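Q: Residues 7 to 242, numbered by this note's numbering, are exactly what the sequence shown covers, in order.
Built from N, CA and C at the ideal position, the CB exists for glycine as well.
It should be emphasised that the depicted structure is a prediction, and the values quoted were computed from it without experimental measurement.
Before we start, here is the structure in question, set down as structure tokens.
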Amino acid sequence: QGSIEYGPARYPGQVIGGRWKPLQYWYMNSIFTDVTCACGLDGICYVKNDSPFPFSGSLLIEVESFKDSKSVAIYSEKKLRMREGPATILALTLEALKEVDGKQSIVHAVIVDANKKIVSDNWIPYATPGEMALPNASLSFTIQRCELHDDVVEISNDKYSSCYPVKIVVKTDHIAMYVTLTTLAQGRFSDNAFVLKGNSTKIVEFIPFVTGSFDHKEELELLKKTLRVEHVRSYI
7 QGSIEYGPAR YPGQVIGGRW KPLQYWYMNS IFTDVTCACG LDGICYVKND
57 SPFPFSGSLL IEVESFKDSK SVAIYSEKKL RMREGPATIL ALTLEALKEV
107 DGKQSIVHAV IVDANKKIVS DNWIPYATPG EMALPNASLS FTIQRCELHD
157 DVVEISNDKY SSCYPVKIVV KTDHIAMYVT LTTLAQGRFS DNAFVLKGNS
207 TKIVEFIPFV TGSFDHKEEL ELLKKTLRVE HVRSYI
């Protein structure tokens, strides 16, 4: 017994300040969404709406090359319409996907709603990481400077509280698979275990676990000292 929970202990077996595991972030962005898309080796894809409301948006399925980080669009539907769910399914057969070599590239399916918000961002590997010919991407990160406000008064009575959530800019030169951030500071990241396209950046927020004894300044310094950004290529 013992679940991963945020915040102070309320239940027996609760892990104090527990963080999400990488797969939980991955599922949050891809298949554990009301509307999602997935594809198989046989070229068959499905789009599914589990929402109780009709969906209107767009779908893009592309293949991203590991060698040169170039994307090739395989399927694009700018007027995706689906009736309310649950289990409303649209099936697609894309012959081009049958030719995808999972060792050299990865499939990427993105669904965007009518408000231009990404509702599903699914990277679909056709091979295990150890089989992928991944480039040795150079990752870097910058913690955005904090502007202190002397007039900020919160429960903590700590002006450093205005620094949170802390914005972290992650950058890569080549495609980077399963980018993961870790730190000894007490908190969680807004996103983790994601893919970065070549020559791209992503802003991730660090959100603290605030308790009665939380020291905003101390945790900010700890974040700066211990923050690490890694990707799977470093381990294969």
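(1) Assuming cysteine 45 and isoleucine 130 make a contact with CB atoms under 8 Å, what is their CB distance in whole Å?
(2) Taking the alpha helix (DSSP H) that proline 214 belongs to, which residues open and close that run?
(3) Given this structure, state the Cα-to-Cα distance separating isoleucine 209 from leucine 187, to the nearest angstrom.
(4) Can you look up alanine 182 in the DSSP assignment and give me helix, strand or coil?
(5) Taking C-beta to C-beta, are aspartate 40 and aspartate 56 nearer than 8 Å?
(6) Under the assumption that proline 141 contacts glycine 91 (Cβ atoms under 8 Å), give the Cβ distance between them as a whole number of angstroms.
(7) Quick check: the Cα distance between lysine 109 and aspartate 221, rounded to an integer number of angstroms?
(8) What are the start and end residues of the alpha helix (DSSP H) that includes histidine 114?
(9) So what's asparagine 55 in DSSP terms, helix, strand or just coil?
A: According to the structure data:
(1) 5 Å
(2) Not the alpha helix (DSSP H): proline 214 falls in the beta strand (DSSP E), residues 206-214.
(3) 12 Å
(4) strand
(5) yes
(6) Contact doesn't hold; Cβ gap of about 39 Å is too wide.
(7) 46 Å
(8) Histidine 114 -> not in any alpha helix (DSSP H); beta strand (DSSP E) instead, spanning 111-119.
(9) strand
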